[in-house]
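Following: one structure in structure tokens, then a few remarks.
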Amino acid sequence: MLRIYLRRRLHSSWQLTAASLALFAGIVLARMIPASVVESPGWLCLGVVLVFMSVWRARVWVIVLALAGGLLIGMWRGSLQATQLSVYKPLYGATVNLSGTVAEDVDINKRDQLVLRLKDVSMNDHKLAGKIWVTTSNHASIQRSDIINISGKLDTGFGTFAAAMYSVEIRTITRPEPGDVALKIRNWFASGVDRATSEPQTSLGLGYLVGQRRGLPEELDTALKTAGLMHIVVASGYNLTILVRLARRLFEKVSKYLSFITASSMIVAFVAITGMSPSMSRAGLVAGLSLLAWYYGRRFHPIALLSFAIAITTYINPSYAWGDLGWQLSFAAFAGVMLVAPIANVYFFGDKPERPLGRILVETMSAQICTLPIILVAFGQASVIAPIANMLILPLVPLAMLLTFIAGIGGLLLPFGAAIVGLPAEAILTYMTQTIYFMGNVPWALQDIELGIIGALIIYIGIGLSTVYMWRKTRYSLRNSSIVE
Numbered sequence: 001m002l003r004i005y006l007r008r009r010l011h012s013s014w015q016l017t018a019a020s021l022a023l024f025a026g027i028v029l030a031r032m033i034p035a036s037v038v039e040s041p042g043w044l045c046l047g048v049v050l051v052f053m054s055v056w057r058a059r060v061w062v063i064v065l066a067l068a069g070g071l072l073i074g075m076w077r078g079s080l081q082a083t084q085l086s087v088y089k090p091l092y093g094a095t096v097n098l099s100g101t102v103a104e105d106v107d108i109n110k111r112d113q114l115v116l117r118l119k120d121v122s123m124n125d126h127k128l129a130g131k132i133w134v135t136t137s138n139h140a141s142i143q144r145s146d147i148i149n150i151s152g153k154l155d156t157g158f159g160t161f162a163a164a165m166y167s168v169e170i171r172t173i174t175r176p177e178p179g180d181v182a183l184k185i186r187n188w189f190a191s192g193v194d195r196a197t198s199e200p201q202t203s204l205g206l207g208y209l210v211g212q213r214r215g216l217p218e219e220l221d222t223a224l225k226t227a228g229l230m231h232i233v234v235a236s237g238y239n240l241t242i243l244v245r246l247a248r249r250l251f252e253k254v255s256k257y258l259s260f261i262t263a264s265s266m267i268v269a270f271v272a273i274t275g276m277s278p279s280m281s282r283a284g285l286v287a288g289l290s291l292l293a294w295y296y297g298r299r300f301h302p303i304a305l306l307s308f309a310i311a312i313t314t315y316i317n318p319s320y321a322w323g324d325l326g327w328q329l330s331f332a333a334f335a336g337v338m339l340v341a342p343i344a345n346v347y348f349f350g351d352k353p354e355r356p357l358g359r360i361l362v363e364t365m366s367a368q369i370c371t372l373p374i375i376l377v378a379f380g381q382a383s384v385i386a387p388i389a390n391m392l393i394l395p396l397v398p399l400a401m402l403l404t405f406i407a408g409i410g411g412l413l414l415p416f417g418a419a420i421v422g423l424p425a426e427a428i429l430t431y432m433t434q435t436i437y438f439m440g441n442v443p444w445a446l447q448d449i450e451l452g453i454i455g456a457l458i459i460y461i462g463i464g465l466s467t468v469y470m471w472r473k474t475r476y477s478l479r480n481s482s483i484v485e
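Numbering (this note's numbering), first residue to last: 1 to 485.
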């Protein structure tokens, strides 16, 4: 049934792409207009009707209906979120008591304070929308999924955070049972890796395998940032893609269904273990849609896939569109890998079989070029040695992930012989850590480059025109691109 439906509706993908982009635009515009203008559910119903009308027949003119419908849906959703977040405004500057669930792994800032990101926030048993950024000097044992009660001054938020509270007093900490089962499994497996390898190799291996970046030693964390390698240890599409491709290829010859189920389970497990961060929400959604299309013998056009993922993630959380840097970088990198890199590969290497190192270099350069304007606007710095560092490290990441997994299993099953089982992982991770330290200590690795919004737009226009030029020369079909194959 689903196969028939997908085939019948394949012609409507461009209408849905237009509606998706318009939905995103509507969410962005919703912050610039009074919420009362489009917060009525009637606008949502009208938008849905227009989108359905646009996909019912394949006609050029129905693109207008798709754009109008998507825009209305986006403006309605954005206005609804803005109304829900407006309850914080009267509280800014006041001392409040709040409770919430720790949404992600606990971090430590430069002032040696715990950094918490709270979801499911409530005050006086009244639910509040959005997430809150919290810092505290209380170094209590707090982990993801704990429910905490805090007291402190409420300040304005930033990015996707509706509000922020600094140096709060933690009044109670409740750890629900069974709690975050995925987190317990991750910590249990990490203990096996810790027995089999030594630091900082252990932290780096866990960063590759489960995206556990916040356990990295400060010196290694700094070196990764300087060398432009932070993306390899942040829970992201790169780590997930390696796992999904491995799972799919291992079982594809046995059964396509088994391959699909295994790869799908890998996506669910990885997202559960790493947590639903903005970058992981994008990565999991894109991998899941690509895998579903592969199973039914179809392929999403990367532009359509990018548009759907943007629309779905911002509809779920409109704050992503209002200033979440991680979400922006994730989609920019995805656009570089799925839109720019395949065309550049054919343009530079022709119809010859792809060289693995050449492909890695082109994909890395494409992703970094597409994220560079955002990085420069946000931080005013860029790593000039990132391409070299990525070439030295990236080809070995899949092998390092496999060896770290073997070391973890060995550490759990053979605690007395864990060091022997972990020798291969220790060797490759030692090479990587030493290379990262060396590249990160190059004096000129980071360069200060100031860039404004206008400059970033000009660069993106240049990237777009260059990609179109290479496409016109190669006539490469982007439908051949898939992150799961």
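The beta-carbon is built from N, C-alpha and C at its ideal position, and this holds for glycine as well.
List the whole-angstrom C-beta distance separating residue i from residue j, where the pair is believed to meet the contact cut-off of C-beta under 8 angstroms.
i: F189; j: G408; result: 5 angstroms
i: L128; j: V87; result: 6 angstroms
i: G69; j: V48; result: 7 angstroms
i: P367; j: V337; result: Per the sequence presented here, residue 367 reads as Ala, with Pro not at that position. A367 to V337, Cβ: 5 angstroms. Contact.
i: V64; j: Q15; result: At roughly 10 angstroms, the Cβ-Cβ gap does not stay under 8 angstroms, so V64 and Q15 are not in contact.
i: I343; j: M470; result: 5 angstroms
i: N390; j: V362; result: N390 to V362, Cβ: 11 angstroms. No contact.
i: I461; j: V340; result: 14 angstroms between Cβ atoms; not a contact.
i: L175; j: D155; result: Residue identity differs from the one stated: residue 175 is Arg in this sequence, not Leu. In fact, because the Cβ distance is near 28 angstroms, the residues do not count as touching under 8 angstroms.
i: R479; j: H301; result: 6 angstroms
i: T491; j: L394; result: With the chain covering 1 to 485 only, the question about residue 491 has no answer from this structure.
Tell me where the beta strand (DSSP E) around residue i begins and ends.
i: I150; result: I147 to T156
i: E39; result: Element bounds for E39: n/a, residue is neither H nor E.
i: A227; result: Segment: none, A227 is in no beta strand (DSSP E) and carries neither H nor E.
i: S383; result: Q381 to S383
For residue i, which residues in the same chain have their Cβ closer than 6 angstroms to its Cβ, ignoring the five residues on either side in sequence?
i: S307; result: T17, S20 and L21
i: T259; result: Here the sequence assigns Ser to residue 259, which means Thr is not the residue at that position. Result list for S259: R248, F251 and E252, in chain order.
i: L2; result: In this prediction, L2 scores a pLDDT of 43, lower than 50, which makes its location untrustworthy; the coordinate-derived value is nonetheless stated afterwards. Nothing meets the Cβ criterion.
i: T172; result: N149
i: V377; result: L451 and A456
i: I449; result: L376 and A382
i: G26; result: L71, G74 and M75
i: V168; result: V134, T136, I150 and G152
i: G192; result: G408, G411 and L412
i: W43; result: L72 and W76
To which residues of the same chain is residue i closer than 8 angstroms at the C-beta, ignoring the five residues directly before and after it?
i: S486; result: Outside the displayed range of the chain (1 to 485) lies residue 486, so it cannot be described from this structure.
i: R117; result: V102, A103, E104, K131, I132, W133, V134 and F161
i: K473; result: Y347
i: I33; result: M75 and S79
i: L325; result: G159, I374 and A378
i: S122; result: L98, S99, G100 and L128
i: P217; result: E199, P200 and S203
How far does the alpha helix (DSSP H) with residue i in it extend, from its first residue to its last?
i: V421; result: A418 to V421
i: R479; result: Unbroken run through R479: none, as it is neither H nor E.
i: D448; result: From DSSP, D448 is part of no alpha helix (DSSP H) but of the beta strand (DSSP E) over L446 to D448.
i: I388; result: A386 to I393
i: N345; result: A341 to F349
i: W327; result: L325 to A335
i: S307; result: P302 to I316
i: P398; result: V397 to L413
i: W14; result: S13 to A30
Ignore the nearest five residues each way along the sequence and tell me which others in residue i's own chain have a CB closer than 7 angstroms to its CB.
i: T433; result: P200, Q201, L204 and L220
i: V468; result: none
i: I428; result: L396, L399, A400 and L403
i: V244; result: A263, M266, I267, A287, L291 and V484
i: K119; result: G100, T101, A103 and K131
i: A272; result: A182
i: A335; result: L306 and C370
i: R31; result: G78, A82 and W322
i: G179; result: S145
Would the beta-carbon of residue i be found less than 7 angstroms away from any heavy atom of the ligand ADP?
i: D105; result: Absent from the structure shown: the ligand ADP. Ligands present: none.
Query raised in the report: Quick check: the segment 368-382 against the segment 329-336, are there 3 or more CB pairs under 8 angstroms?
Result: yes
Requested in this report: Jot down the residue ranges of each uninterrupted beta strand (DSSP E) in the segment 65-133, minimum 3 residues, whole runs only, in chain order.
Outcome: Segments of the beta strand (DSSP E) lying fully in the segment 65-133: 95-102 and 114-123.
Query raised in the report: Which runs of the alpha helix (DSSP H), 4 residues or longer, sit entirely within the segment 146-210?
Result: 181-196 and 201-210
Requested in this report: Answer yes if the segment 434-446 comes into contact with the segment 304-323, meaning at least three C-beta pairs across the two stretches below 8 angstroms, and no otherwise.
Outcome: no
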